[in-house]
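Asks: Everything in the sequence shown is counted per numbering that gives the first Met the number 0, starting at 0 for the first residue and increasing by one.
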Amino acid sequence: MSRCFVHIHRRKVAAYGHSPVFTSSRSASSIPHSRHDPLFFKPIRNPLPPSSIPLQILVEQYKSSQLHSNPVQRDEKVEYLARRYRDSCCPKDADELHLQVFKNGFVNDLFLCNTLINVYARVGDLGSARKVFDEMLLRNSVTWSCLISGYTQNRMPNEACGLFMRMVADDFMPNHYSFSSAIRACQECGEYGLKFGMQIHGLMSKTQYCTDVTTSNVLISMYGSVVGMVDYARRVFDSIWPRNLISWNSMISVYCQRGDAISAFEIFSTVQKEIMGDRLRPNEYTFGSLISATISFVDSGLTLLKQMLSMVEKSGFSHDLYVGSALVSGFAKFGSINYAKDIFQRMSYRNAVSMNGLIIGLVRQSRGEEAVELFAEMKDSVEINLDSYVILLTAFPEFCVLEDGKRKGSEVHAYLIRTGLLNAKIAIGNGLINMYAKCGAINDASTVFRLMDNKDSVTWNSMITGLDQNEHFLDAVETFQEMRRTVLFPSNFTMISALSSSASLGWIRVGEQLHCEGLKLGLDLDVSVSNALLALYGETGYVEECQKAFSLMLKYDQVSWNSLIGALADSESSLLEAVENFLVMMRSGWRPNRVTFISILAAVSSLSLHALGKQIHALVLKHNVAADTAIENALLACYGKCGDMRDCENIFSRMSNRRDEVSWNSMISGYIHNELLPKAMDMVWFMTQRGQRLDGFTFATVLSACATIATLECGMEVHGCSIRACLEYDVVVGSALVDMYAKCGRIDYASRFFELMPARNLYSWNSMISGYSRHGHGRKALDLFARMKLHGPLPDHVTFVGVLSACSHVGLVNEGFRHFDSMSEVYGLAPRMEHFSCMVDLLGRAGELNKVEDFLNKMPVKPNILIWRTVLGACSRANGRNTALGRRAAEMLLEMEPRNAVNYVLLSNMYASGGKWEDVAKTRVAMRKAFVKKEAGCSWVTMKDGVHVFVAGDKSHPEKDLIYEKLKELNTKMRQAGYVPETRFALYDLEGENKEELLSYHSEKIAVAFVLTRPSKMPIRIMKNLRVCGDCHSAFKYISAIVGRQIVLRDSNRFHHFENGQCSCAVRCSVWGLFFTFESLLSRSPERSGSNAAAQTQCPPYSQSRTCNCVAVNGMVVKHAAKA
């Protein structure tokens, strides 16, 4: 074959003697194209249906072509071949046509070569089509249009755009087919394709095709596919005249895709007026788009959809597959399943799309069983696609019984494995993970996840979300970290699940890392991710970070406001800010929902703002949500905390059948909060009579009340009820029982029940540690804390309050500082005011007042009322030492709380302990001038005939004669045992005898004398509203030894257990061969007592040792030595 080079239109073409089409070498005019061109790199999404070039147009273009001087003469054979193969979609026909062209010598026929390119493009063989194109000696604009259209049809937009660029560069004028195909290709290339498409639009505007309807319709579609370019699409639409039905449908479709349903229906109302005159009618695509648009109307969408149904029926499209499927999906999404079913049954032809739409609607209505039945009925009459199985898997978690759903889902899983469909599509594996996770079978979901060969971001997101929903929070965080080690980027849903798991674990550091990750990936711009961040910071107590994250949000929704208000309402220090932000939200035009009302009512109840609670109640009525049970329960809690039990009772009576366990528990809590324990117990009885189930929270609430007022008998009754309700070993009830017994003085019962608990939570450990500390068993508390570190949950702030209090009561200064430092260094807990107060108390009880002052100066926060009151209390026990520090504390307290009587009493006690009676008198005068009245000290005991209350010098009791006779007898026996009244605890400047008399009639002594008038050998339990004085503390040790009974005294600070002459607190000394505890023994000195030497004395005649050598100071035996 002879070879030569010819030049045509300044282009180098490789020519062959006979067949340029079949040569294997590329001609010089072949067009190189790079896949790395940054303009064309995105994959194809939602390709538009291609438009084939009719044969008649090809013929006309060929006839009008004047580019070549010697065209090949067409004959009947050419016409036959063109008609024979022009509409074929068979690859064999394409090869047959190619062979016929070669055999008949038509290789230089421009018309047949264009037809051949068109046929190859139609069957998808773009390689052969490109080869034919490259080896053609002659080309015209139709040739370029055929190949560009072929690339667009076969989802190769980059190649189509590159070919169009070369066509323009080679001085060929594009026709409307070239323009249309290139613009469609640009639409599929994303942002960079849009820029090139706008250039094509500019080129087209300079040609006769600027107002071409077909090309303009494609432009509308291209601009409409890009967010923010709808206005450009509308300009193109407005420039078209006359418009055809495709123009109107394209513009309506653009508005529907962008969620602008109002504009879509405005266009539709216009199209009815304009095209009706042209005898055109809306077709199935018009109705399909409008039906999809109705879904965006939340309130009126269903009504509008029904109107569209009437129009469809009048237009005769009710049986159309496309319109019917859209109607089924629309009614199903609105929950009108009966309408959807009726349309589905009336459809003359159904496919997987219509069936899937109905199944989705049934799933949304939680009618999983019906969805599965529908699938089983239709699977033989409808061609099931893979999407149908994915949708079917969403039905199983909506079964009434999840176990049945899991079983049916497992059967479908097995079928997918048998048929080999499991690996046919990643979405099927994702659906299985989601199905198992929602059915509670998270282990099965993990198995599917591990066995999947290919995973996408949805796969990882489904797994992480499933782990989070099934409370496998640690596994969810670890899976997220594993995903980050892959090439996949987390989506907003993945980030939300990871943040939720971190919040549930309380891992603020991990949450902050996720926050940084979201910022780097730009996910913080998503409102849902920002809401998850707000929830993270709110649930972990980082309120300031929550407020800062909220302030940086560019967009808010109602969830954002609810998250912020909820976080502030949960923080005791930010309750007022919660109210302020609620008011800001209302002023900004946001409409509060049920979550908003529940959160703000919780804040109002904590603040006890009764008037504001009334106003919010009015808002609840105004927004017509008063019948919501959760809001009514929140109102009950609010009014109960505000002391308005009458409104509580009114709301509760109106609730009628809407009452749930929370409603009853709120009423019980309200009665308890307002010190109406009998009514609370009546409410519990009423619950049982009504058949209302008593849950763990009910028992925990009542037990907490019993613990607060130390009613042991009532608490034991509730314990019996919990046993009958089979809730004794419930972890919440068990923890409340431990707390109740500890606070009611039965630390032995609390310890025994704690050891018997099958499961313990953080509250259980905290209650037991605090109980040991409160009862003076500091060493047991520390030992239990050591067990907790090994076998229990991580300690929190409450745990360390109990631990530090235990160190304070035992006097372990160094160990107390070690635990204090471990809070931040080991457990990452920032010390709070209560922890600083415990440390001040620890140093004060150890007599280290100088270290107290140093500790205050080094505190990272400014001391509050609690700290200064602890300092003043420590100074009042220091027998006049370091009164300067006490005065400083008193000045700060009187500045912060000038009308609190406790501050004056502590200051007076400090002066009295140092013998500064003038300062005592001045303090009492200042107290009277400030119109401050000291709370009267009282003690009470619970007997079978009721509660008996006594005050100092009380002579109002009916049995006063027996009481004072018993008290006189006790005083005589105590003095015989060596008791000497400690008159320094008489806080009045009186003579010694008067002081002794004043001390002998303290309320706790009268109470114990009263109990001893009753015949019993049970332990004596006394409650006191103030701290017990040192003299009564000493006297009770003697009384316990004299009467041989245990005395349990609970004052405002702690429990004291007196038994056989010893107490559960502080320093030990010996009496009658037994160990005593005396807080004031170390403060005694020979100088202060008037005795300079120890004296020999003999034990009382009723002592176990008849002959002994005892050493006594001031008549108190401090050492016992029995004679041999």
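Glycine included, C-beta positions come from ideal geometry on N, C-alpha and C.
(1) Answer with buried or exposed for GLU538, where buried requires no fewer than 16 other C-beta atoms within 10 angstroms of its C-beta.
(2) So the candidates are PRO957, GLU968, ALA925 and SER562; which of them puts its Cα closest to the Cα of MET584?
(3) Given a threshold of 16 other Cβ atoms within 10 Å of its Cβ, counted over all protein chains shown, does CYS255 qualify as buried or as exposed?
(4) Is it the case that the Cβ atoms of ILE1019 and GLU1003 are separated by a distance below 8 Å?
(5) Is the beta carbon of LEU289 closer than 8 Å to that of ALA331?
(6) With three or more C-beta pairs closer than 8 Å as the rule, is the region 906-916 touching the region 942-956?
(7) Could you check whether the region 786-794 touches the region 803-818, counting it as contact only if at least three pairs of C-beta atoms, one from each stretch, sit closer than 8 Å?
(8) Quick check: the region 357-367 against the region 393-400, are there 3 or more CB pairs under 8 Å?
(9) Throw me the rounded Cβ distance for the TYR176 and SER220 pair, which I believe falls under 8 Å.
(10) Looking only at DSSP bridge pairs, what is LYS1023 linked to?
(11) Tell me, to the nearest whole angstrom, how far the beta carbon of ILE266 is from that of TRP247; I am working on the premise that it is less than 8 Å.
(12) Would you identify the three-state DSSP class for GLU1058, choosing helix, strand or coil?
(13) Quick check: the region 501-508 against the region 520-527, are at least 3 beta-carbon pairs closer than 8 Å?
(14) If SER140 sits next to MET172, beta carbons under 8 Å apart, how far is it from one beta carbon to the other, in whole angstroms?
(15) Would ILE866 pass as a contact of PHE835 if the rule is Cβ separation under 8 Å?
(16) Taking only three categories from DSSP, how would you classify PHE286?
(17) Using only CA atoms, which one of ASP452, SER249 and ARG83 lies nearest to VAL212?
(18) Output the distance between the C-alpha atoms of PHE949 and PHE1009, rounded to the nearest integer angstrom.
(19) By Cβ distance below 6 Å, which residues in the same chain neighbour CYS438 in space, the five residues on each side in sequence not counted?
(20) Is VAL362 helix, strand or coil when you go by DSSP?
(21) Just checking, does the region 641-651 make contact with the region 601-608 on the three C-beta pairs under 8 Å criterion?
(22) Just the Cα atoms here: how many angstroms apart are ASN491 and SER499?
(23) Beta-carbon separation of LEU842 and LEU884 under 8 Å?
(24) Buried or exposed for GLU1043, going by 16 or more other Cβ atoms inside 10 Å?
(25) Give me the residue from ALA93, LEU553 and LEU574 with the minimum Cα distance to GLY540.
(26) Within 10 angstroms of its Cβ, does MET895 collect 16 or more other Cβ (buried), or is it exposed?
(27) Should TYR771 and LEU755 be called a contact, given that it needs their Cβ atoms to be closer than 8 Å?
(28) Counting only beta-carbon separations shorter than 8 Å, does ASP230 have a partner in chain C?
(29) Which residues mark the beginning and the end of the beta strand (DSSP E) in which LEU1048 is found?
(30) What whole-angstrom Cβ distance do VAL1047 and GLY744 have, given they're in contact under 8 Å?
(31) Please classify LYS102 as buried or exposed, where buried requires at least 16 neighbouring CB atoms within 10 angstroms.
(32) Quick check on DSSP: helix, strand or coil for GLY945?
(33) Once you ignore the five residues that flank GLU958 on each side, which residues in its own chain have a CB closer than 8 Å to its CB?
(34) Terminal residues of the continuous alpha helix (DSSP H) containing GLN691?
(35) Going by the CB atoms, is the gap between SER387 and GLY356 shorter than 8 Å?
(36) By Cβ distance, which residues of its chain are closer than 7 Å to PHE549, with the 5 residues on each side in sequence left out?
Replies: With the structure as the only source:
(1) Numbered from 1 along the sequence shown, position 539 holds the residue referred to as residue 538. Buried, since its Cβ has 16 or more Cβ neighbours within 10 Å.
(2) Looking up residue 584 in the sequence shown gives position 585. In this structure, SER562 is the residue among PRO957, GLU968, ALA925 and SER562 with its C-alpha nearest to the C-alpha of MET584.
(3) Walking along the sequence shown from the start, residue 255 turns up at place 256. Taking all protein chains shown into account, CYS255 has 16 or more neighbouring C-beta atoms within 10 Å of its C-beta and is therefore buried.
(4) For the purposes of this step, residue 1019 is taken as residue 1020 along the sequence shown, with counting starting at 1. For the purposes of this step, residue 1003 is taken as residue 1004 along the sequence shown, with counting starting at 1. In this structure, GLU1003 does not lie closer than 8 Å to ILE1019 by Cβ.
(5) Your numbering for residue 331 matches position 332 in the sequence shown. Your numbering for residue 289 matches position 290 in the sequence shown. If you check the CB distance, ALA331 and LEU289 do not come in under 8 Å.
(6) Because the criterion of three Cβ pairs below 8 Å is not met, the region 942-956 and the region 906-916 do not touch.
(7) Touching, no, given that fewer than three Cβ pairs across the two stretches are closer than 8 Å.
(8) The region 357-367 is in contact with the region 393-400.
(9) As a first step, residue 176 must be located in the sequence shown, where it is residue number 177. As a first step, residue 220 must be located in the sequence shown, where it is residue number 221. In fact, because the Cβ distance is near 16 Å, the residues do not count as touching under 8 Å.
(10) Locating residue 1023 in the sequence shown gives position 1024, where the first residue counts as 1. Under DSSP, the beta-bridge partners assigned to LYS1023 are SER938.
(11) In the sequence shown, the residue the question calls residue 266 occupies position 267. In the sequence shown, the residue the question calls residue 247 occupies position 248. Indeed they touch by this definition, with Cβ atoms about 7 Å apart.
(12) Sequence index remark: in the sequence shown, residue 1058 carries index 1059 (1-based). In the displayed model, GLU1058 falls within a strand according to three-state DSSP.
(13) No, the region 520-527 does not touch the region 501-508.
(14) Here residue 140 is taken as the residue at index 141 of the sequence shown, counted from 1. Here residue 172 is taken as the residue at index 173 of the sequence shown, counted from 1. Confirmed, about 6 Å.
(15) Translated into positions along the sequence shown, residue 866 becomes position 867. Translated into positions along the sequence shown, residue 835 becomes position 836. Yes. Within cutoff.
(16) Position 287 of the sequence shown holds residue 286. Looking at PHE286 - three-state DSSP - the assignment turns out to be helix.
(17) Reading the sequence shown from its first residue, position 213 is the one you call residue 212. Ranking the options by Cα distance to VAL212, first place goes to SER249.
(18) The residue you call residue 949 lines up with position 950 of the sequence shown. The residue you call residue 1009 lines up with position 1010 of the sequence shown. Spanning the two alpha carbons is a distance of roughly 10 Å.
(19) If you number the sequence shown from 1, residue 438 lands on position 439. Excluding sequence neighbours, CYS438 sits near PRO396, LEU401, GLY404 and LYS405.
(20) Numbered from 1 along the sequence shown, position 363 holds the residue referred to as residue 362. Taken through DSSP and simplified to helix, strand or coil, VAL362 comes out as helix.
(21) For the pair of segments examined, the region 641-651 was found to touch the region 601-608: the number of CB pairs separated by less than 8 Å reaches three.
(22) The residue given as residue 491 occupies position 492 in the sequence shown. The residue given as residue 499 occupies position 500 in the sequence shown. Each residue's Cα considered, the two are about 12 Å apart.
(23) Stepping through the sequence shown from its first residue, residue 842 is reached at position 843. Stepping through the sequence shown from its first residue, residue 884 is reached at position 885. Cβ distance not < 8 Å, so LEU842 and LEU884 don't count as in contact.
(24) Looking up residue 1043 in the sequence shown gives position 1044. The question names Glu, yet the displayed sequence has Gly at residue 1043. GLY1043 counts as exposed, since fewer than 16 other beta carbons sit within 10 angstroms of its beta carbon.
(25) The count along the sequence shown starts at 1 and reaches residue 540 at position 541. Check the Cα spacing between GLY540 and each of ALA93, LEU553 and LEU574: the tightest is with LEU574.
(26) Taking the sequence shown and counting its residues from 1, the one referred to as residue 895 is at position 896. By the 10 Å Cβ count, MET895 comes out exposed.
(27) Taking the sequence shown and counting its residues from 1, the one referred to as residue 771 is at position 772. Taking the sequence shown and counting its residues from 1, the one referred to as residue 755 is at position 756. Taking 8 Å as the Cβ cut-off, TYR771 and LEU755 do not qualify as a contacting pair.
(28) Protein chains in the displayed structure number just one, and chain C is not present.
(29) The residue labelled residue 1048 in the question sits at position 1049 within the sequence shown. For LEU1048, the enclosing beta strand (DSSP E) starts and ends at 1046-1049.
(30) Within the sequence shown, numbered from 1, the residue matching residue 1047 stands at position 1048. Within the sequence shown, numbered from 1, the residue matching residue 744 stands at position 745. So it is a contact: roughly 4 Å between Cβ atoms.
(31) Your numbering for residue 102 matches position 103 in the sequence shown. It counts as exposed.
(32) In the sequence shown, the residue the question calls residue 945 occupies position 946. Three-state DSSP puts GLY945 in a strand.
(33) By one-based count along the sequence shown, residue 958 stands at place 959. Residues PHE1009 and THR1012 of the same chain have their beta carbon placed closer than 8 Å to that of GLU958, with the five preceding and five following residues left out of the count.
(34) Residue 691 sits at position 692 when you count from the first residue of the sequence shown. Run containing GLN691: none; DSSP gives neither H nor E here.
(35) Within the sequence shown, residue 356 is the residue found at index 357, counting from 1. Within the sequence shown, residue 387 is the residue found at index 388, counting from 1. Going by C-beta atoms, GLY356 is not nearer than 8 Å to SER387.
(36) Counting from one through the sequence shown, the residue named residue 549 turns up at place 550. Answer for PHE549: LEU533, SER559 and LEU563, listed in chain order.
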